[in-house]
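Quick note: the sequence shown, position 133, residue 144 per the working numbering, numbers continuous.
Just so it is clear, CB atoms sit at the ideal spot from N, CA and C, and this is done for glycine as well.
These notes concern the structure reproduced below.
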Amino acid sequence: MKKAVLITGASRGIGRACALSFAKAGYRVGVNFHTNSSAAANVVRTILEQGGDAMLLQADVTDYAAVSSMVSVFGRVDILVNNAGIACDGLLQDVTPALWAHTFAVNVNGAYHCVHSVLPQMLSRHDGCILNVSSMWGRVGAACEVPYSAAKAALIGFTKALAKEVGPSGIRVNCVAPGVIDTAMNALHSKEDMAALAADTPLMRLGTPEDVAHALVFLASEQASFITGQVLGIDGGFVM
Ligand code: NAD
C-alpha cells in the first residue's frame, strides 16, 4: 500500500514542490489549500497526469474543526508536513495584537491543529512522521520579523518536545529551517534585497522550493528512521 502524506499550504511555493516530490517518490498526496483552489487543483492535476495519486483538500489551518474534517476525508496519514505559513514584516512597535495573533494562528496553531488531528491514528499504528517547516529566523531571529521569528522558534520547541513525547510510540518529529527560498513569500523584498541575501549566503544563491522538498522527502524516508527531534537547516550555510 502507498504511504500517504498530507501537506498543508500545498498550492504554491515550497508546499507545491513538496507535493510533486512526494508524489514522484510514490506517496499518495493530500494537497491542502486555503483559498487558491485553482492553483491547488493544478498541483493535483499535474500529479495525476504523471501517474501519481493526489487529493484536493480545502481547509484553513487556523480552524480546528476544518482541519479535523479534512483529516477524516483524507483518511490515513503516514506523513504530515506542516508547511502552511505566513510572514509578518515590520517593526514590532507597529505590530497590532491582531497581526501578532494571526501570525501565531497560522504558523503555530495551524501545526498544532494538524498534529492533534492525525496523532490518534499514528499512535494506534505505532508509526508516523511529522515534519514542521520552520525558518532560519526561528533559530537566530530577524529584525523587522519578530512575530514570524517567534512563531518559527515556537515550531522548533514544538518539534523537540513532541519528538520526546511520541518517540516511544514509533513516531518521528523533525523540523526544517529553510534560508532564503525564492517563492512568493519574498515578493515584498526588492530585487536588490534578494541579491544581497543571496550574496550573504555562503553558497551564493537563493534556495529553491525543490531544495526544501528534497530534504523533506529524505526526512520522511526509511533512510532517516533514526532521526528525530532535529532542526535541519536548508539555507546554503547562512546559519551555522
Ligand atoms: P508561500 O506564501 O508561497 O506558501 C505559503 C502557503 O501557506 C500558501 O500556499 C498559503 O496559501 C498557505 N497558507 C497560508 N495561510 C494558510 C491557512 N490559514 N491555511 C492553509 N494554508 C495557508 O511561501 P513559501 O515560501 O512556499 O512558504 C512555505 C513555508 O516555508 C512557510 O511556512 C514559510 O514560513 C516557510 N519558509 C519560507 C521561506 C522562504 O524564504 N520562502 C524561508 C523559511 C521558511
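Beta-carbon contacts of residue i that lie in its chain and below 6 Å, excluding the five residues immediately before and after
i: Asp-138; result: Gly-181
i: Asp-64; result: Arg-39
i: Val-16; result: Phe-33, Tyr-38, Val-40, Ile-90
i: Lys-14; result: Tyr-38, Asp-89
i: Ala-224; result: Ala-28, Cys-29, Ser-32
i: Ala-36; result: Val-228
i: Val-55; result: Val-42, Ala-65, Leu-67
i: Trp-111; result: Pro-158
i: His-45; result: Asp-71
i: Val-106; result: Pro-158
CB contact check: residue i to chain D, cutoff 8 Å
i: Ser-79; result: No chain D is present in this structure, which holds just one protein chain.
As assigned by DSSP and simplified to three states, the class of residue i
i: Gly-244; result: strand
i: Pro-213; result: coil
i: Ile-97; result: coil
i: Thr-184; result: Reading the sequence as shown, one finds Val at residue 184 and not Thr. Correct three-state label for Val-184: strand.
i: Leu-102; result: coil
i: Leu-17; result: strand
i: Ile-167; result: helix
i: Val-40; result: strand
i: Leu-199; result: coil
i: Val-92; result: strand
Residue i, enclosing alpha helix (DSSP H) - first and last residue
i: Arg-136; result: 121-136
i: Leu-56; result: First, the amino acid is wrong: residue 56 is Arg here, not Leu. From DSSP, the alpha helix (DSSP H) with Arg-56 extends over 48-60.
i: Ile-192; result: That residue, Ile-192, is in no alpha helix (DSSP H); it is neither H nor E in DSSP.
i: Leu-142; result: Premise fails: Leu-142 lies in the beta strand (DSSP E), 139-144, not in any alpha helix (DSSP H).
i: Val-228; result: 220-231
i: Pro-108; result: 108-115
i: Val-151; result: 147-151
i: Ser-236; result: Counting along the chain, Ser-236 falls outside any alpha helix (DSSP H), and DSSP gives it neither H nor E.
i: Arg-27; result: 24-35
i: Ala-77; result: 75-85
For residue i, the first and last residue of its enclosing beta strand (DSSP E)
i: Ala-65; result: 64-69
Beta-carbon spacing of residue i, residue j below 8 Å
i: Val-42; j: Leu-68; result: yes
i: Thr-19; j: Asn-118; result: no
i: Leu-208; j: Leu-217; result: yes
i: Phe-249; j: Gly-152; result: no
i: Lys-163; j: Gly-149; result: yes
i: Ala-51; j: Ala-21; result: yes
i: Tyr-75; j: Thr-114; result: no
i: Asp-222; j: Ile-245; result: yes
i: Met-196; j: Ala-98; result: yes
i: Ala-109; j: Thr-73; result: no
i: Arg-87; j: Gln-132; result: yes
i: Val-126; j: Leu-173; result: yes
i: Leu-134; j: Val-92; result: no
i: Gly-247; j: Leu-214; result: yes
i: Val-144; j: Gly-178; result: no
Other residues of its chain near residue i: CB distance less than 8 Å, five sequence neighbours each side excluded
i: Leu-243; result: Asn-185, Cys-186, Val-187, Ala-188, Ala-226, Leu-230
i: Asp-193; result: Met-205, Leu-217, Gly-218, Thr-219, Pro-220
i: Leu-102; result: Cys-155
Close beta carbons around residue i, own chain, < 7 Å, minus the five adjacent residues each side
i: Ala-165; result: Val-119
i: Lys-175; result: Gly-240
i: Ala-70; result: Asn-43, Ala-77, Val-78, Met-81
i: Thr-57; result: Leu-31
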